[in-house]
Amino acid sequence: MPGSSTKPSIHIDRDRFEVKVDNRRIMLTFMEYQLLNVLASEAGKVFTRKELLSSVWGYAYFGGTRTVDVHIRRLRSKLNDIDHSIIETVRNVGYRFVD
Numbered sequence: 146m147p148g149s150s151t152k153p154s155i156h157i158d159r160d161r162f163e164v165k166v167d168n169r170r171i172m173l174t175f176m177e178y179q180l181l182n183v184l185a186s187e188a189g190k191v192f193t194r195k196e197l198l199s200s201v202w203g204y205a206y207f208g209g210t211r212t213v214d215v216h217i218r219r220l221r222s223k224l225n226d227i228d229h230s231i232i233e234t235v236r237n238v239g240y241r242f243v244d
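So in our numbering, the last one in the sequence shown is 244, and the numbering has no gaps at all.
As structure tokens, this is what we get:
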């Protein structure tokens with residue numbers, strides 16, 4: 146059907162620090178992997194940008210919350226998440242991993 150899409154299959158191997166999308170291994174930076182891991186660990190939960198900064202970058206991170214947006218954009222690109230069916234933006238709040 147034109148304009149329709151299906152959600153890709155995502156597998157996170159936490160023992161090997163690997164991510165596969167539709168059985169293809171994708172290369173993520175450490176921070177991208179950590180960000181995906183945090184979001185996927187509580188699928189459906191909305192994480193604020195500040196929560197993600199604290200969980201992924203650590204409490205001592207002094208950069209802006211836009212850092213999260215940049216990494217989400219890169220992560221979506223690598224996951225081929227064009228329609229945001231994997232990582233959803235919750236406007237003015239943050240992000241959630243769609244289960």
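Ideal placement from N, C-alpha and C gives every residue a C-beta, glycine not left out.
Predicted, not measured: the structure shown is a model, and the values here were computed from it.
Taking K165 as the centre and dropping the five residues before and after it, the same chain places the C-beta of H156 closer than 6 Å to its C-beta, in chain order. Relative to N225, the option among D160, R161, L184, R169 whose CA is nearest is R169. The residue among R236, I227, R219, I232 with its C-alpha nearest the C-alpha of M172 is R219. Taken in chain order, the complete alpha helix (DSSP H) segments of 4 residues or longer contained in the region 157-215 are 175-186, 194-197. If you ignore the 5 residues before and after I231, its C-beta comes within less than 8 Å of the C-beta of K152, P153, I155, R221, L224, F242, V243, all in its own chain and listed in chain order. Taking the C-beta atoms as reference points, R159 is found nearer than 8 Å to N182. The beta carbon of R194 sits closer than 6 Å to those of T210, V213, G239, all from its chain and outside the five residues before and after it, given in chain order.
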